[in-house]
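Everything below concerns the one structure shown next.
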Amino acid sequence: MTTAEKLEGGLDTQQVISKEIAAIQAASPAAEPQPRLDFAPYRSSLLRHPTKDLRQADPEGAELVAPVFGQSDVDPLEADLTIQSGGEPIGERIVVTGRLVDGDGRPVRRQLVEIWHANAAGRYIHLRDQHPAPIDPNFTGTGRCLTDDEGVYSFTTIKPGPYPWHNHRNAWRPAHIHFSLFGTDFTQRMITQMYFPADPLFALDPIYQSITDPRVRERLVATYDHDLSQHDRLLGYRWDIVLTGAHATWTEPEGDDRA
Amino acid sequence: MPDLVPDLAPTPGQTIGPFFHYALPYAGDCQLVDPGAPGSIRLHGHVYDGHGVGLPDALLEIRQADPAGRVPTVEGSLHRDGRFTGWGRCSTDRLGHYWFRTVEPGPTRDGGAPFFAVTVFARGLLNRLFTRIYLPVDDATLAADPLLSGLDDDSRTRLVATREDDGSLRLDLHLQGPQETPFLTYPRHRG
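As you go down the protein sequences, you meet chains C and G in turn.
No gaps in the numbering here: position 74 of the first sequence is 79 in this note's numbering, and each next residue is one more.
No gaps in the numbering here: position 136 of the second sequence is 219 in this note's numbering, and each next residue is one more.
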């Protein structure tokens with residue numbers, strides 16, 4: 006690396022990061038279903054990824070049963086992030102809805118979905134967020150709901166803004182909503198991020214690009230759905246979520262010779 | 084009824100990021116049982132990076148059977164109200180320490196080795212990791228466990244908690260490095 010590529014503060018340029026991303030992706034097999042854990046362009050991952058292969062385990066006991074949540078856990082009002090304080094939060098009001106299914110297409114019913122995201126100016130209510138964008142006193146950016154009997158979740162909120170971070174010089178995260186998801190068995194537990202269509206920051210973002218196949222990472226992008234938009238009220242986005250398969254009804258494939 | 088999701092390929096994960104603390108933790112999240120509950124123990128340890136530095140921004144969740152080996156399917160983890168749900172959540176402190184107050188799980192099958200199922204999330208970790216924390220039961224039971232029996236001695240010890248003088252169970256998790264924790268994948272993660 007030349008000194009010209011490293012700028013003040015020891016941070017690499019976007020050009021350096023983008024070059025690293027391109028090199029890893031060019032060497033990656035197609036259709037890797039999950040992000041790379043070892044993905045150096047996301048600098049925080051350097052010391053935080055396992056270097057050994059994951060061990061294959063046959064799930065048993067508690068791994069076969071997801072935790073159960075219900076109406077005693079979640080108030081239906083928690084699904085509306087625009088009514089949590091005295092007044093309306095600033096921003097573009099939206100609804101985000103979709104269906105949560107398992108790897109066999111079965112709806113995940115009455116299960117907990119948790120979300121959190123930045124406000125319209127790209128600021129989180131978090132002490133570690135020192136981005137000098139305004140805090141919105143009417144917006145906490147957290148929500149919960151239970152899926153319904155068809156596996157459908159729905160949140161009313163405002164569209165989050167992009168925000169800067171210190172992965173590299175002039176690094177900006179595309180606008181996103183964090184989603185925390187449970188299935189019907191514990192092995193389906195996941196946390197991910199939902200993005201908005203056609204974000205110009207996608208190509209530059211090492212977290213999004215850690216999913217090396219474009220068709221796979223596009224599964225994280227919601228679609229604008231005019232049928233969900235409401236007259237004089239809000240814009241609608243649809244994002245369906247597919248978990249890995251449940252094991253409780255799974256039987257080992259015939260001829261499987263794993264010890 | 085809405086159409087089925089046409090593409091059943093799984094939605095990929097992403098990092099939990101640094102800003103989950105005001106969203107996911109909640110009062111009593113790591114206390115599966117009340118203080119002083121019969122059989123109550125502390126399960127604790129640190130989460131370390133590849134340089135042995137504790138992660139101040141990791142989140143652990145455990146799922147477990149009750150002492151009789153039954154996995155609870157009652158709601159109420161967010162407002163426990165005395166119910167044992169067999170699930171809890173803990174965000175690490177500034178030094179990377181985690182702790183749960185819970186009861187020891189029993190074996191869920193005859194002769195099985197009891198364990199806590201664990202998921203790990205952290206800033207800098209691009210997807211969740213699964214592992215197990217086994218109870219330090221007798222060697223024969225541990226040796227007969229299908230997962231542990233396939234590991235070398237070093238790896239096996241990294242999945243078995245140690246008993247401390249006050250009865251606590253302790254296991255440190257290492258995301259990387261010479262003491263790296265064995266992390267797990269399950270058949271349906273591959274399709």
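Ideal Cβ placement from N, Cα and C applies to all residues, glycine included.
- Residue state for A205/G is assigned as strand, using DSSP reduced to three classes.
- Proximity of chain C to R177/G at the Cβ level (cut-off 7 Å) is not reached, the minimal Cβ distance being about 12 Å.
- As the crow flies, the alpha-carbon of S50/C is around 15 Å from that of W170/C.
- For E158/G, the closest Cβ of chain C is nearer than 7 Å.
- For chain C, the residues of the segment 105-138 of chain G that bring a beta carbon within less than 8 Å of one of its beta carbons are Y105, A106, L107, D132, G133, H134, V136 and L138, in chain order.
- Contact check for A196/G against P219/G fails: the beta carbons are separated by 7 Å or more.
- Counted as a single uninterrupted DSSP element, the alpha helix (DSSP H) harbouring I26/C occupies residues Q19 to A31.
- Identification of residues in the segment 144-157 of chain C having a C-beta nearer than 9 Å to some C-beta of chain G yields T145, G146, T147, G148, R149, E155, G156 and V157, given in sequence order.
- The residue from D90/G, G100/G and Y105/G with its alpha-carbon nearest to that of L132/C is Y105/G.
- C-alpha of M199/C to C-alpha of G146/C: approximately 14 Å in a straight line.
- For L256/G, the secondary structure class from DSSP, reduced to helix, strand or coil, is strand.
- Cβ atoms of T152/C and L233/C stay farther apart than 8 Å, at about 17 Å.
- Taking 7 Å as the CB threshold, Y269/G lines the interface with chain C.
- In the DSSP assignment, L142/G falls within the beta strand (DSSP E) that extends over A141 to R146.
- Put simply, the backbone Cα of I182/C is about 30 Å away from that of T264/G.
- Rounded to the nearest whole angstrom, the CA to CA distance from G119/G to L242/G is 27 Å.
- DSSP, reduced to helix, strand and coil, places Y131/G within a strand of the structure shown.
- Of all residues in the segment 48-59 of chain C, those with a C-beta nearer than 7 Å to a C-beta of chain G are S49, S50, L52, R53, H54, P55, T56, K57 and L59, reading in chain order.
- Nearest in C-alpha terms to S238/G, of all of T214/G, L252/G and L142/G, is T214/G.
- Inter-residue distance for V136/G and T268/G is about 25 Å (C-alpha atoms, whole angstroms).
- With contacts defined as CB atoms closer than 7 Å, R172/G and G96/G fail to qualify as a contacting pair.
- Flagged as an interface residue toward chain C: G96/G, by a C-beta distance shorter than 7 Å.
- Scanning chain G for C-beta atoms nearer than 7 Å to the C-beta of I246/C yields T94, reported in chain order.
- Chain G places a beta carbon closer than 7 Å to that of I130/C, counting this residue as a contact.
- With contacts defined by Cβ atoms closer than 7 Å, D210/C and P167/C do not form a contacting pair.
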